[in-house]
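Input: a single structure, listed below in structure tokens.
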Amino acid sequence: MVQELNFQTYSDRLPPQNIDAEEAILGGILLDPEAISRVADLLRPEAFYLSAHQEIYRAMLALQNQGLPTDLMSVSTWLRDRDFLERVGGQSKLIQLIDHTVSAVNIDQYASLVMDKYMRRKLIQAGGEIAQLGYDTSRDLEQILDHSEQKVFGVTQDRPQNGLAATADILTHTFSDIESRSLGMVLPGLSCGYYDLDAMTQGFQRSDLIIVAGRPSMGKTSFTMNIARNIAAFHKLPVAIFSLEMSKEQLVQRLLASEVRIESGRLRSGRVSQQEWEPLGHAISALSQLPIFIDDTPNISVTEMRSKARRLQAEQGGALGLILLDYLQLMYGGY
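To convert, note that position 126 of the sequence shown is 126 in the numbering used here; the numbers rise steadily by one, no gaps.
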């Protein structure tokens, strides 16, 4: 059975919104000016579906930033002075918001409801823009795929960020961290499994660019594969390996050879002794549990590698321990 693509645009459907929750938030702030501090970091004006609600909320945020109350008189005056009051429905609109609200007790939950609908609208907007990109046959497909992923990733980044944390909680964790480091138990960065290198680098830091250089056949690939294995094993973090020279089978053979401590040439030729089969099986079982992912696409571009890394990051819960490229000179710089 052939599955046909559905090109329906859904433009005739009402976008996700929750007007009741929006009114409850605004009414709650008018009733209790202190309530805005509970939602100001979570809600932005654009999250409100109705433009009138956006303008009212902007007025409330402006008053809060000036240290002024957000009661009925203050909000209506702020809007009137800027010729916005009639645009939002006049003072009767503000009174209506108060009349429809009992209290600001549940304002946090209402803010979450409004943000949920806002994020869904953002996702629909991104989907429409991606659809337009799909119709643009003048652009390279890899470039379109990368831009599409950026748009979806941008929606996820628009989610509410972490709130304030108590100093007492932070200090407890910080003291334990300092104590562990003073005893040599913990590095600030990721341990690569080589003690001397860890001592010099204090572990691999986030966003570090590390280039391993050396003469041909000096063991650069084996060395970096061991680092990838150690980070995946010690820290339980996903590792992405992009190999532009060797196949993924060759890289896995090198990992196995290092794990079992036999020459990789013997593995390639199948010259394995009877005593080595059991540790080889244990090594295969251990390595199969590690979150190591290999891509051996030749002439991969920067854009394609970034897209694949971003996709892997999303699939693995938002974390990547290491991206390994072997080797740099073979990477294609275009799209």
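Even glycine gets a Cβ: it sits at the ideal position worked out from N, Cα and C.
{"Asked": "Can you check the stretch 267–295 for any beta strand (DSSP E) of at least 3 residues that lies completely inside it and give the ranges in chain order?", "Found": "292–295"}
{"Asked": "If distances are taken between C-alpha atoms only, which option among 142, 73, 122, 133 comes closest to residue 152?", "Found": "122"}
{"Asked": "For residue 252, which residues of its own chain have a beta-carbon under 6 Å away from its beta-carbon, when the five flanking residues on both sides are left out?", "Found": "none"}
{"Asked": "In chain order, what residues of the same chain have a beta carbon less than 8 Å from the beta carbon of residue 154, not counting five sequence neighbours either side?", "Found": "126"}
{"Asked": "Assess, as a yes-or-no matter, whether the stretch 94–101 is touched by the stretch 18–25 under the definition of 3 or more beta carbon pairs within less than 8 Å.", "Found": "yes"}
{"Asked": "Using 8 Å as the Cβ pair cut-off and three pairs as the minimum, do the stretch 199–219 and the stretch 277–292 touch?", "Found": "no"}
{"Asked": "Out of 59, 146, 275, which one is the CA nearest neighbour of residue 309?", "Found": "146"}
{"Asked": "Would you mind stating whether residue 49 and residue 117 have Cβ atoms separated by less than 8 Å?", "Found": "yes"}
{"Asked": "To the nearest angstrom, how far is the alpha carbon of residue 150 from that of residue 167?", "Found": "35 Å"}
{"Asked": "Helix, strand or coil for residue 240, going by three-state DSSP, please let me know.", "Found": "strand"}
{"Asked": "Any contact of the stretch 59–74 with the stretch 27–47, i.e. 3+ C-beta pairs under 8 Å?", "Found": "yes"}
{"Asked": "Assess contact between the stretch 295–305 and the stretch 212–227, defined as three or more Cβ pairs (one per stretch) separated by less than 8 Å. Is contact present?", "Found": "no"}
{"Asked": "For residue 85 versus residue 76, is the C-beta distance shorter than 8 Å?", "Found": "yes"}
{"Asked": "How about residue 238 and residue 320: are their beta carbons less than 8 Å apart?", "Found": "yes"}
{"Asked": "Would you identify the three-state DSSP class for residue 322, choosing helix, strand or coil?", "Found": "strand"}
{"Asked": "Between residue 269 and residue 139, what straight-line distance do the alpha-carbon atoms span, to the nearest angstrom?", "Found": "46 Å"}
{"Asked": "Tell me whether residue 112 sits in a helix, a strand or coil according to DSSP, three-state version.", "Found": "helix"}
{"Asked": "Could you pull out every residue in the same chain whose Cβ sits closer than 6 Å to the Cβ of residue 45, ignoring the five residues on either side in sequence?", "Found": "54, 57, 58"}
{"Asked": "Cα-Cα, which of 306, 236, 27, 223 is closest to residue 288?", "Found": "236"}
{"Asked": "For a test of the three-state rule: what should DSSP assign to residue 84, helix, strand or coil?", "Found": "coil"}
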